[in-house]
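Asker: Each residue of the sequence shown is one higher than the one before, counting from 1 in the UniProt record's numbering. Here it is: the structure, laid out below.
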Amino acid sequence: MLLQDLRQTWELDSVFPGGSESKELLTEINWTENEAKELAKKADSFTFSNETFLSLIKELQSFSERLSTAGAFIGCLIAQDVKDKKAMALRGRLESVYAAFSNVGSVIDQKLMDISEDAWKDLMSFPEYEHIAFSLNERRMNAKEKLGISEESLINDLAVDGYHAWSTLYDLVVGRISIKVEIDGNEEELSVGQAENKFSSPDRNVRKDTFEKFVQAWDHEGEFCAASLNHIAGFRNEIYRHRGWEETLKEPLVINRMQEETLSAMWNAITSQKEIFVKYLDRKAKLLGLDKLSWYDVDAPLSSANSKMSYDEAAQFIVEHFRTLAPKMADFSEKAFLDGWIEAEDRSGKRPGGFCTGFPTKKETRIFMTFSGTPSNVSTLAHELGHAFHTDVLKEMPYYATNYAMNVAETASTFAEMIVADAAVSNAKSKEEKIALLEDKAQRSVAFFMNIHARFLFETRMYEERKAGQLSVERLCELMEEAQKEAFNGALEEYHPYFWASKLHFYITDVPFYNFPYTFGYLFSAGIYAKAKEEGPSFEEKYIALLQDTGKMEVEELAQKHLGIDVTKQDFWLKGIELAAADVEEFLALTEE
Numbered sequence: 001m002l003l004q005d006l007r008q009t010w011e012l013d014s015v016f017p018g019g020s021e022s023k024e025l026l027t028e029i030n031w032t033e034n035e036a037k038e039l040a041k042k043a044d045s046f047t048f049s050n051e052t053f054l055s056l057i058k059e060l061q062s063f064s065e066r067l068s069t070a071g072a073f074i075g076c077l078i079a080q081d082v083k084d085k086k087a088m089a090l091r092g093r094l095e096s097v098y099a100a101f102s103n104v105g106s107v108i109d110q111k112l113m114d115i116s117e118d119a120w121k122d123l124m125s126f127p128e129y130e131h132i133a134f135s136l137n138e139r140r141m142n143a144k145e146k147l148g149i150s151e152e153s154l155i156n157d158l159a160v161d162g163y164h165a166w167s168t169l170y171d172l173v174v175g176r177i178s179i180k181v182e183i184d185g186n187e188e189e190l191s192v193g194q195a196e197n198k199f200s201s202p203d204r205n206v207r208k209d210t211f212e213k214f215v216q217a218w219d220h221e222g223e224f225c226a227a228s229l230n231h232i233a234g235f236r237n238e239i240y241r242h243r244g245w246e247e248t249l250k251e252p253l254v255i256n257r258m259q260e261e262t263l264s265a266m267w268n269a270i271t272s273q274k275e276i277f278v279k280y281l282d283r284k285a286k287l288l289g290l291d292k293l294s295w296y297d298v299d300a301p302l303s304s305a306n307s308k309m310s311y312d313e314a315a316q317f318i319v320e321h322f323r324t325l326a327p328k329m330a331d332f333s334e335k336a337f338l339d340g341w342i343e344a345e346d347r348s349g350k351r352p353g354g355f356c357t358g359f360p361t362k363k364e365t366r367i368f369m370t371f372s373g374t375p376s377n378v379s380t381l382a383h384e385l386g387h388a389f390h391t392d393v394l395k396e397m398p399y400y401a402t403n404y405a406m407n408v409a410e411t412a413s414t415f416a417e418m419i420v421a422d423a424a425v426s427n428a429k430s431k432e433e434k435i436a437l438l439e440d441k442a443q444r445s446v447a448f449f450m451n452i453h454a455r456f457l458f459e460t461r462m463y464e465e466r467k468a469g470q471l472s473v474e475r476l477c478e479l480m481e482e483a484q485k486e487a488f489n490g491a492l493e494e495y496h497p498y499f500w501a502s503k504l505h506f507y508i509t510d511v512p513f514y515n516f517p518y519t520f521g522y523l524f525s526a527g528i529y530a531k532a533k534e535e536g537p538s539f540e541e542k543y544i545a546l547l548q549d550t551g552k553m554e555v556e557e558l559a560q561k562h563l564g565i566d567v568t569k570q571d572f573w574l575k576g577i578e579l580a581a582a583d584v585e586e587f588l589a590l591t592e593e
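Structure follows, in structure tokens:
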């Protein structure tokens, strides 16, 4: 099917008509507020039996689906218009519901621990729990490491106007930033998202000027951002201290269902293989006529070959390439484009970045990004469609079986990116086009192995220093630049000291350490992609089976079951890095003078 004249703004009225003025949305929020109170009463009076437990679990899952749908919808409203004050007010109400529901969870968790081991094992053997036994076992185990009900409830209540409130300040700051730059003799006023897209402009003057204005804007807001980050980190550190958790990474590792041994193996493998990516950065600098790249040059295009693509062309390109290895993902993506599930319009007032969110009660997803036609935009679009497909293959599962960890969430998205990028290189019509496509793949490897490594190094060190007191704007900039220099092996001339201020991921309170899962997903998906290339489209059923298990087991077991690999060893990670290095080697060979 030819995809053309596609809408670039998403369709949301089928979820709740009327945006932040929606009466249906308001009714749903009112219901969640009242139902949370009812669930609290049921949790307090709960007496265990097989029948009462099953009934309670069904209610909790149903409530979670409705609350998640309302929360996702409000998130979409704020992303499409960061100045939507009514949506922000509604988000505040929902955050109180989330806190109340977390308190319900704390009560339930305590009662789970009161069930005897024998009774619990017997209960989990029932067929009704086939898909959610892992989730319930995990919940019971994690509850044993937390504080008592009153303490955990107090944490949840205080988090609304403390922990999470500092996170929302980021949206307010982003919404008021306006970056004025001169392009082709004309002054343009850019949002943060639009300014970030300019870092892939072919004109270095545009990139440099935009970057300098970008840094100035975040410097102006630095005190607000430093306060937010300090209080988010401080809140987390205090919770960990009271729970007796000595390791800062304990929570992110538990949330990502992975062992520290696995994380260390991954970073150690990457660190040992960075030299080839430094060579790529050096070659790119030479091709651009520079001694060394600066931060704002890393995403610069090397040529005009395929440097721009219309939205319709990108949609056609993605669907066609998906179809070579994943026909069902292609069909799903076609539907997403045709049904208007994607917000891609390049306009001011939008939140920067991209994401995919789901509406469980509707069994639908929506994708958010700002599309300006760059190769990076096409990759982002494929990436988010991978997320959406992952959600779609789980839509008939019980809600608790759909709660997969972030690291495996990034597997589906990165797998989708790899299909599009690799197929594009194979079908390149000229040497210049092939170089441009290989360079785009190399850029993404640098992002996962260097940029995200810098984020990880910065965040771990920042959390450790925060234990001794608040960090100044200047110290945060120092830590950020030190981390970037180390992660990039000193390959750049100028770094981005205010990256800590501008990057949304540092302010996300729902998922701590929103960094290493991306790199995990990138390399984990490399193994999946290698198998897909060996077996062709028939592999998709195995791939879907893996995705359907992502909410049912830890990553080490998932990898062993579906891929027959041990992710606690560097060998696996090195093989994934080799695939990325091969692209760089080919790029270096093609650009040799």
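We treat Cβ as the ideally placed atom computed from N, Cα and C, and that holds for glycine. None of the values given here were measured: they were computed from a predicted structure.
(1) Comparing alpha-carbon positions, which option in Glu-540, Leu-253, Lys-434, Leu-574 lies nearest Val-511?
(2) Does the count of Cβ pairs from the stretch 542–551 and the stretch 399–408 closer than 8 Å reach three?
(3) So, with DSSP's three-state summary, where would you put Ile-367?
(4) Using DSSP bridges, identify the partner residues of Leu-437.
(5) Decide if Lys-146 is buried, meaning its Cβ has at least 16 other Cβ atoms within 10 Å, or exposed.
(6) For Asn-186, name the three-state secondary structure that DSSP assigns.
(7) When DSSP labels each residue in this structure, what does Leu-229 get in the three-state scheme?
(8) Where does the unbroken alpha helix (DSSP H) through Gly-92 begin, and where does it stop?
(9) Output the boundary residues of the beta strand (DSSP E) element that contains Gly-358.
(10) Determine the extent of the alpha helix (DSSP H) in which Tyr-280 is found, giving its start and end residues.
(11) Shorter than 7 Å, the distance from the beta carbon of Glu-35 to the closest heavy atom of the ligand FAD, or not?
(12) Determine whether the beta carbon atoms of Ala-79 and Phe-368 lie at a separation below 8 Å.
(13) Alpha carbon to alpha carbon, how far is Glu-138 from His-131? Give it in angstroms, no decimals.
(14) Among the residues of its own chain, which have a CB less than 6 Å from the CB of Trp-218, if the five just before and after it don't count?
(15) Report yes or no: do three or more beta-carbon pairs, one from the stretch 348–365 and one from the stretch 178–193, lie closer than 8 Å?
(16) Can you check DSSP and say which residues form a bridge with residue 638?
(17) When the distance is taken between beta carbons, is Tyr-518 closer than 8 Å to Ser-167?
(18) With the cut-off set at 8 Å, would you say Glu-474 and Trp-295 are in Cβ contact?
(19) Could you check the C-alpha separation between Asp-13 and Gly-19 for me, to the nearest Å?
(20) Rounded to a whole number of angstroms, what is the C-alpha to C-alpha distance between Arg-347 and Thr-47?
(21) Quick one: what's Ile-528 bridged to in DSSP?
(22) Which same chain residues, not among the five before or five after Ala-99, have their C-beta less than 7 Å away from its C-beta?
(23) Can you pull the DSSP bridge partners for Glu-343?
(24) Give every residue of the same chain whose Cβ lies closer than 7 Å to the Cβ of Thr-591, excluding the five residues on either side of it in the sequence, and list them in chain order.
(25) Which residues mark the beginning and the end of the alpha helix (DSSP H) in which Trp-218 is found?
(26) Between which residues of its own chain and Phe-317 is the CB-CB distance below 8 Å, once the five residues before and five after are set aside?
(27) Please go through the same chain and pick out, in chain order, the residues whose beta-carbon is closer than 7 Å to the beta-carbon of Val-319, but skip the five residues on each side of it.
(28) What residues match up with Leu-293 in a beta bridge as DSSP calls it?
(29) With DSSP collapsed to three states, give me the class of Tyr-404.
(30) Mind listing, in chain order, the continuous alpha helix (DSSP H) runs of no fewer than 4 residues lying wholly within the stretch 445–496?
(31) With the cut-off set at 8 Å, would you say Arg-455 and His-505 are in Cβ contact?
(32) Look at the Cβ atom of Ala-265, then the Cβ atom of Thr-568, and state whether they are nearer than 8 Å.
(33) If I'm right that Ala-532 touches Tyr-543 with Cβ under 8 Å, what's the distance once you round it to whole angstroms?
(34) Should Asn-142 be labelled buried (16 or more other beta-carbon atoms within 10 Å of its own) or exposed?
(35) In its own chain, which residues sit with a C-beta less than 8 Å from the C-beta of Trp-10, not counting the 5 before and 5 after it?
Answerer: Reading it off the structure:
(1) Leu-253
(2) yes
(3) Strand at Ile-367.
(4) According to DSSP, which records beta bridges pairwise, Leu-437 is partnered with nothing at all.
(5) Classification for Lys-146: buried.
(6) Strand at Asn-186.
(7) helix
(8) 85–114
(9) 355–359
(10) 275–287
(11) Among the components of this structure there are no ligands whatsoever, and the ligand FAD is therefore not found.
(12) yes
(13) 13 Å
(14) Tyr-498, Ala-501, Ser-502
(15) yes
(16) Because residue 638 is not part of the residues shown, which for the chain are 1 to 593, the question remains open.
(17) No.
(18) no
(19) 7 Å
(20) Cα to Cα, Arg-347 sits roughly 54 Å from Thr-47.
(21) Answer by DSSP bridge pairing: none, since Ile-528 is not bridged.
(22) Asn-156, Asp-157, Ala-159, Val-160
(23) Phe-368
(24) Arg-283, Leu-287, Ile-435
(25) 204–220
(26) Met-309, Val-378, Val-420, Ala-424
(27) Leu-3, Ala-330, Ser-333, Glu-334
(28) BP columns for Leu-293 point to Leu-492.
(29) coil
(30) You should have 452–466, 473–487.
(31) yes
(32) yes
(33) 7 Å
(34) exposed
(35) Cys-76, Gln-80, Gly-340, Trp-341, Ile-342, Glu-343, Arg-366, Ile-367, Phe-368
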